[in-house]
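The opening residue of the sequence shown carries number 281 in the numbering used here; numbering runs sequentially from there. Don't be surprised by glycine CBs; every beta carbon is placed ideally from N, CA and C.
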Amino acid sequence: MPSYRPMTDRTRYVRTTAYSHMEMEPGAPGRMNAAGGILKYGTVRSAAADWSVYPLGTTFRIKGQPYTYVVDDYGSALVGTNTIDIFKPSLSSMRYWGTRKAEITVIQWGSFERSLRLLKGRTKYPHCRQMYLGCLRHHGSNMASTRGAGNANSL
281 MPSYRPMTDR
291 TRYVRTTAYS
301 HMEMEPGAPG
311 RMNAAGGILK
321 YGTVRSAAAD
331 WSVYPLGTTF
341 RIKGQPYTYV
351 VDDYGSALVG
361 TNTIDIFKPS
371 LSSMRYWGTR
381 KAEITVIQWG
391 SFERSLRLLK
401 GRTKYPHCRQ
411 MYLGCLRHHG
421 SNMASTRGAG
431 NANSL
């Protein structure tokens with residue numbers, strides 16, 4: 281498992297890949313993201329990540345890019361990796377992006393609580409279960425320091 285910098289460190293170096301709703305993978309929901317909304321491709325763009333590292337709603341910028349990205353999706357191949365998948369609207373733009381090492385700056389961290397709520401009903405899938413348990417560890421440790429560890433399981 282790769283090591284990550286602490287959540288207080290907003291600048292990180294990550295591997296980026298790209299994905300498109302045009303890939304038509306089995307079980308892929310078209311233009312829908314894992315949060316139930318439409319994948320974004322404007323000044324704010326969708327990204328997929330391991331929600332136990334970059335919780336749902338995390339916003340970030342990629343150095344050298346003029347866009348803001350929001351983590352509103354996940355992928356089974358991203359869990360336990362230092363990879364963020366950038367949404368592209370076409371196969372050609374997806375291929376053009378390829379795989380790149382990038383410096384990202386987190387603008388605002390997302391919510392482990394929201395991530396847990398969405399993942400809770402999806403734990404029959406191994407990647408969702410792994411993210412759920414990772415979010416629970418983060419969320420539980422934050423709650424232990426503020427309200428007591430017992431509340432972490434009440435979601």
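Local Cβ density within 10 Å of residue i, reported as buried at 16 or more and exposed below that
{"i": "R417", "result": "exposed"}
{"i": "V324", "result": "exposed"}
{"i": "I318", "result": "exposed"}
{"i": "K404", "result": "exposed"}
{"i": "K343", "result": "exposed"}
Alpha carbon of residue i to alpha carbon of residue j, nearest angstrom
{"i": "S372", "j": "G378", "result": "10 Å"}
{"i": "K368", "j": "Y299", "result": "6 Å"}
{"i": "S332", "j": "T339", "result": "15 Å"}
{"i": "S283", "j": "L399", "result": "Reliability of the predicted coordinates at S283 is poor, the pLDDT of 47 falling under 50, and no value is obtained from them."}
{"i": "V294", "j": "H301", "result": "22 Å"}
{"i": "K320", "j": "Y347", "result": "11 Å"}
{"i": "H419", "j": "S370", "result": "36 Å"}
Among the options, the one whose alpha carbon lies nearest that of residue i
{"i": "A436", "options": "L399, G322, L319, T297", "result": "Summary: the structure shown does not reach residue 436, with the chain confined to residues 281 through 435, and so no result is reported for it."}
{"i": "A314", "options": "H407, R292, I387, G344", "result": "H407"}
{"i": "P436", "options": "G390, R295, L319", "result": "Nothing in the structure corresponds to residue 436, since the chain is present only between 281 and 435."}
{"i": "Y354", "options": "A327, T348, T361, M374", "result": "A327"}
{"i": "R409", "options": "G360, K381, T385", "result": "G360"}
{"i": "V386", "options": "Y349, Y376, S395, L413", "result": "Y349"}
{"i": "S395", "options": "K320, G322, R292, D330", "result": "D330"}
For residue i, the first and last residue of its enclosing alpha helix (DSSP H)
{"i": "K368", "result": "Here K368 belongs to no alpha helix (DSSP H), and DSSP marks it neither H nor E."}
Where residue i falls: helix, strand or coil (DSSP)
{"i": "S326", "result": "strand"}
{"i": "A299", "result": "The residue you asked about is not Ala; residue 299 is Tyr in the sequence shown. The answer is strand: DSSP assigns Y299 an E or B state."}
{"i": "R394", "result": "helix"}
{"i": "Q410", "result": "helix"}
{"i": "A382", "result": "strand"}
Unbroken beta strand (DSSP E) run spanning residue i, endpoints
{"i": "R402", "result": "Per DSSP, R402 belongs to no beta strand (DSSP E) and is neither H nor E."}
{"i": "I227", "result": "A question about residue 227 goes unanswered here, because the residues of the chain that appear run from 281 up to 435."}
{"i": "T348", "result": "348-353"}
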